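Asker: Per my numbering, residue 15 is the first one in the sequence shown, and the count goes up by one each step. Questions regarding the structure given below will be posed in turn.
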Amino acid sequence: MNQTTVANFEKPIGCYSPSVQELIVIDDVLSAMVGIEGRYILIKRVRGKNDDISFLVDPSMDLALQVKDYDNVNGEHYLTVSETDFIVQELAKRIFPLCKSFLLIEQFVESRSQFQNGLVNHAFSAALRALLLDYQAMVAQLEHQFRLGRLSLQGLWFYCQPMMRSMQALSTVIQKASVDNISGSAVLNLLQSQAKAMAGDNAVRLMLEKMTQCASSAYMSILERWVYEGVIDDPYGEFFIAEDKSLQKESLTQDYEAKYWRQRYSLKDGIPSFLANIAGTILTTGKYLNVMRECGHNVQVPPSENSKLMSFGSNHHYLECIKAAYNFASSELLNLIKEKYDLTGRLRSIKHYLLLDQGDFLVHFMDIARDELAKKPDEVSVEKLQSLLDLALRTTAAAADPFHEGLTCVVARKIFSA
Numbered sequence: 015m016n017q018t019t020v021a022n023f024e025k026p027i028g029c030y031s032p033s034v035q036e037l038i039v040i041d042d043v044l045s046a047m048v049g050i051e052g053r054y055i056l057i058k059r060v061r062g063k064n065d066d067i068s069f070l071v072d073p074s075m076d077l078a079l080q081v082k083d084y085d086n087v088n089g090e091h092y093l094t095v096s097e098t099d100f101i102v103q104e105l106a107k108r109i110f111p112l113c114k115s116f117l118l119i120e121q122f123v124e125s126r127s128q129f130q131n132g133l134v135n136h137a138f139s140a141a142l143r144a145l146l147l148d149y150q151a152m153v154a155q156l157e158h159q160f161r162l163g164r165l166s167l168q169g170l171w172f173y174c175q176p177m178m179r180s181m182q183a184l185s186t187v188i189q190k191a192s193v194d195n196i197s198g199s200a201v202l203n204l205l206q207s208q209a210k211a212m213a214g215d216n217a218v219r220l221m222l223e224k225m226t227q228c229a230s231s232a233y234m235s236i237l238e239r240w241v242y243e244g245v246i247d248d249p250y251g252e253f254f255i256a257e258d259k260s261l262q263k264e265s266l267t268q269d270y271e272a273k274y275w276r277q278r279y280s281l282k283d284g285i286p287s288f289l290a291n292i293a294g295t296i297l298t299t300g301k302y303l304n305v306m307r308e309c310g311h312n313v314q315v316p317p318s319e320n321s322k323l324m325s326f327g328s329n330h331h332y333l334e335c336i337k338a339a340y341n342f343a344s345s346e347l348l349n350l351i352k353e354k355y356d357l358t359g360r361l362r363s364i365k366h367y368l369l370l371d372q373g374d375f376l377v378h379f380m381d382i383a384r385d386e387l388a389k390k391p392d393e394v395s396v397e398k399l400q401s402l403l404d405l406a407l408r409t410t411a412a413a414a415d416p417f418h419e420g421l422t423c424v425v426a427r428k429i430f431s432a
C-alpha cells in the first residue's frame, strides 16, 4: 500500500490491544457490508465497462486475535494464538466478497430500475431490491448483537456465510448482464443458466429460480396478451415476436398472395430457453386471434384463474396453458371459416369451376367470347371478357352458385417457356 493510502487511515490499528482491534474491525466490517467506509477499511471503486470494487485495509491489522470460546463445562475462556490460526486481517477479508456483492447489486439496481432498460430488467431490479432489504435487515440484527457485546469476528463470519453464497451468485449474474448490456429474454436465459450451474447448492439454486420467476413476470404478461388476445404489448422490443407494421391488409384486395398474413408477425432472435420448443405454437396462436380480429370477429381465449401465465416453474403448467390457448384459437378460427365464411360452400364452388362438374357455363362463355379470344394477347380487353364471363355465369346453371360473382378472368400477357 502506498504512502498516500496509509495517510488516509487514522492511528494504526496495530497500536490497540487485540480485544480492542476485534471491536474496531467488527464495526468497520459491518459498515463495509452496507457500503460505508470505516476508519480502517476503505472502499475503492473503479468505474467503467467492467466496474470493480476493492477494499483497502490498514496494513497494521495483522495481529493475532484472542478469540472468545465457550463450553458447557468450564464457561468462558480465551483460546491462545496457537489454538487459532485466525488473524484479524484475514478474517475480515473473508467477508469482503459479501460486501463487494452488495455494492455491485445495489449499483445494478440503481442503473437498471429505469423503464428504458426494459420491463424484465425492471422486474429483476425490484426482486433484487427486496433481497437487499432482507440483507440489510440481517446486517441491522448483527449490529444490534454487536452493540450488546454478543458478536465476535468469528461469529460475524459464521452468520454471513449463508447469505454470502447467494449474493456472490447474483453478483456473477449482474456482472455478466452489465458487461453485455443485455435485457429481455437474455436476462432470463442468464438467470436460468446460472441456476442450473448452482445445482449442487440447493439454497442458492432455489433463490436464483425465484429471481428468474420474478424477472419473468413482466415477460409472461406480454406473452399472456399475445396468446389470449393476439396483441403485442411490447414497448421496449423484448418479446420474441416482431410485428411488421408496414404491411397493411388493404394489399390483399390487389394481391391474394400478399405477404400480409405470412409476414405481418414473425419470430426473431432472443427466444427464452423455456419457450424455445413451443415458440412456433405461440406465434401461430396469436396469429389466429389476430386474423379473427382483422375480420371483425373479436374473440379472446377465456383466461380462467388456472390459466394465468404470470410465472413458470418446473411443473410446466404454463406450457399447458399455451397449448390450451392454441387449441381454442385454432378451433375458433376453423368454426369462423366454416360457419361465417362457408368454407364448405366455397370448396363446392371451386369444384364447379375447376373440376367442371357444371361445365355448361364454360361452353357458353367460349361461344360468346370466341371473337375476343381470337385476338392477340395484347389486344384482348380484360373488361370485355369479364362482362362476357358474368353473362355466361348468370345464364347457365352456375347462377345457382352463391359465390359465382367471385369468379374473375385474367389474361396472361407473357408466355413462359420451360
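We put the CB at the ideal spot given by N, CA and C, even for glycine. Small disclaimer: the values here were computed from a predicted structure and weren't measured.
So what does DSSP say about ASP41, is it helix, strand or coil?
Answerer: Reduced to three states, the DSSP call for ASP41 is helix.
Asker: Going by CA-CA distance only, name the one from ALA232, MET234, LEU202, SER235 that's closest to LEU222.
Answerer: The candidate whose alpha carbon is nearest that of LEU222 is LEU202.
Asker: Within 10 angstroms of its Cβ, does MET380 collect 16 or more other Cβ (buried), or is it exposed?
Answerer: Under this definition MET380 is an exposed residue.
Asker: With DSSP run on the structure shown, which of helix, strand or coil describes LEU79?
Answerer: Its pLDDT being 44, under 50, LEU79 is placed unreliably by the model, and the measurement read from it follows with that caveat. In this structure, LEU79 counts as coil in the three-state DSSP scheme.
Asker: Label ASN304 either buried or exposed according to how many other C-beta atoms from any shown protein chain fall within 10 Å of its C-beta, with 16 as the threshold for buried.
Answerer: So ASN304 ends up on the buried side.
Asker: From this set, LEU405, LEU403, ILE109, ASP392, which residue's C-alpha is nearest ALA426's C-alpha?
Answerer: That would be ASP392, whose Cα lies nearest to the Cα of ALA426.
Asker: Go to ARG59, then tell me how far its beta strand (DSSP E) extends in each direction, as first and last residue.
Answerer: Its beta strand (DSSP E) spans residues 55–60.
Asker: Can you tell me whether PHE253 is helix, strand or coil according to DSSP?
Answerer: Looking at PHE253 - three-state DSSP - the assignment turns out to be coil, as it is neither helix nor strand.
Asker: DSSP three-state call for ILE119: helix, strand or coil?
Answerer: Of the three classes helix, strand and coil, the one that applies to ILE119 here is helix, per DSSP.
Asker: In angstroms, rounded to a whole number, what distance separates the CA positions of ASP215 and VAL241?
Answerer: Each residue's alpha carbon lies about 36 angstroms from the other.
Asker: Note down, in chain order, each residue of its chain lying with its Cβ closer than 7 angstroms to the Cβ of VAL60, except the 5 sequence neighbours on either side.
Answerer: Correct list, in chain order: ASP66.
Asker: Cβ atoms of THR422 and ASP374: under 8 angstroms apart, would you say?
Answerer: In this structure, THR422 does not lie closer than 8 angstroms to ASP374 by Cβ.
Asker: Quick one: what's got a C-beta closer than 8 angstroms to ILE236's C-beta in the same chain, skipping five residues either side?
Answerer: Here the set comprises LEU133, ILE246, ASP247, ASP248, GLU252, PHE253.
Asker: By how many angstroms is the C-alpha of PHE129 removed from the C-alpha of GLY169?
Answerer: If I take the Cα positions, the gap works out to 41 angstroms.
Asker: Any idea if LEU204 is buried or exposed, counting beta-carbon neighbours within 10 angstroms, 16 or more meaning buried?
Answerer: The residue in question, LEU204, is buried, as its Cβ has 16 or more Cβ neighbours within 10 Å.
Asker: Mapping the DSSP letters down to three states, classify THR279 as helix, strand or coil.
Answerer: Checking the sequence shown, residue 279 turns out to be Tyr, not Thr. DSSP places TYR279 in strand when its eight states are reduced to three.
Asker: Could you tell me which residues DSSP puts in a beta bridge with VAL71?
Answerer: Paired residues: ILE55.
Asker: By Cβ distance below 8 angstroms, which residues in the same chain neighbour ALA106 in space, the five residues on each side in sequence not counted?
Answerer: Counting only Cβ-Cβ distances below 8 angstroms, and skipping sequence neighbours, we find VAL39, ASP42, VAL43, ILE55, VAL71, MET75, LEU167.
Asker: Assign ASN135 to one of two classes, buried (16 or more other C-beta atoms within 10 Å of its C-beta) or exposed (fewer than that).
Answerer: It is buried - the Cβ of ASN135 has at least 16 other Cβ atoms within 10 Å.
Asker: Would you mind working out which of PRO111, SER199, ASN131 sits nearest SER180, comparing C-alpha positions?
Answerer: The shortest C-alpha separation from SER180 is found at PRO111.
Asker: Drop a sphere of 10 angstroms on the beta-carbon of LYS365, count the other beta-carbons inside from all chains shown, and report buried for 16 or more, exposed for fewer.
Answerer: With fewer than 16 other Cβ atoms within 10 Å, it is exposed.
Asker: Tell me, to the nearest whole angstrom, how far the beta carbon of ALA141 is from that of CYS29; I am working on the premise that it is less than 8 angstroms.
Answerer: Contact doesn't hold; Cβ gap of about 45 angstroms is too wide.
Asker: Tell me whether ASP66 sits in a helix, a strand or coil according to DSSP, three-state version.
Answerer: Three-state DSSP puts ASP66 in a strand.
Asker: By a C-beta neighbour count over all protein chains shown, 10 Å radius and 16 as the cutoff for buried, is GLY89 buried or exposed?
Answerer: Confidence at GLY89 is low in this model, with a pLDDT of 48, below 50, so the placement of that residue should be treated as unreliable; the coordinate-derived value is given next. When all chains shown are included, GLY89 counts as exposed.
Asker: Are there three or more Cβ pairs, one per stretch, closer than 8 angstroms when the segment 338–350 is compared with the segment 293–308?
Answerer: The segment 338–350, when compared against the segment 293–308, does touch it at the 8 angstroms Cβ threshold.
Asker: For SER199, which option in ALA211, VAL193, TYR250 has the closest C-alpha, if you only look at C-alpha atoms?
Answerer: For the residues ALA211, VAL193, TYR250, the minimum Cα distance to SER199 belongs to TYR250.
Asker: Do the CB positions of ARG108 and TRP171 come within less than 8 angstroms of each other?
Answerer: Yes, they are a contact pair.
Asker: Near SER287, which residues of its chain fall below 7 angstroms by C-beta distance, leaving aside the five closest residues on each side in sequence?
Answerer: So the qualifying residues of the chain are ASN203, GLN206.
Asker: Please report how far the alpha carbon of GLN208 lies from the alpha carbon of ALA183, in whole angstroms.
Answerer: Taking the straight line joining both Cα atoms gives about 8 angstroms.
Asker: Measuring straight from C-alpha to C-alpha, what distance separates ASN127 and SER139?
Answerer: Note that residue 127 corresponds to Ser in the displayed sequence, not to Asn. Rounded to whole angstroms, SER127 to SER139 spans 6 angstroms at the Cα level.
Asker: Could you give the C-beta distance for SER185 and SER115, rounded to a whole number, given that I count them as a contact under 8 angstroms?
Answerer: SER185 to SER115, Cβ: 4 angstroms. Contact.
Asker: From SER260 to GLY49, what distance separates their C-alpha atoms?
Answerer: Each residue's alpha carbon lies about 51 angstroms from the other.
Asker: Assign GLN17 to one of two classes, buried (16 or more other C-beta atoms within 10 Å of its C-beta) or exposed (fewer than that).
Answerer: For GLN17, the predicted structure reports a pLDDT of 39, less than 50, and the residue's modelled location is therefore unreliable. A value from the coordinates is still provided. By the 10 Å Cβ count, GLN17 comes out exposed.
Asker: For VAL315, which option in LEU399, LYS390, GLU243, SER230 has the closest C-alpha, if you only look at C-alpha atoms?
Answerer: That would be GLU243, whose Cα lies nearest to the Cα of VAL315.
Asker: Report the start-end ranges of each beta strand (DSSP E) in the segment 173–261 that is 3 residues or longer and not cut off at the edges.
Answerer: Listed in chain order, they are 255–257.
Asker: With a threshold of 16 other CB atoms inside 10 Å of the CB of ASN86, please say whether the residue is buried or exposed.
Answerer: Any reading at ASN86 must be qualified, since the residue scores a pLDDT of 43, below 50, and its modelled position is unreliable; the value itself is stated next. ASN86 should be labelled exposed.
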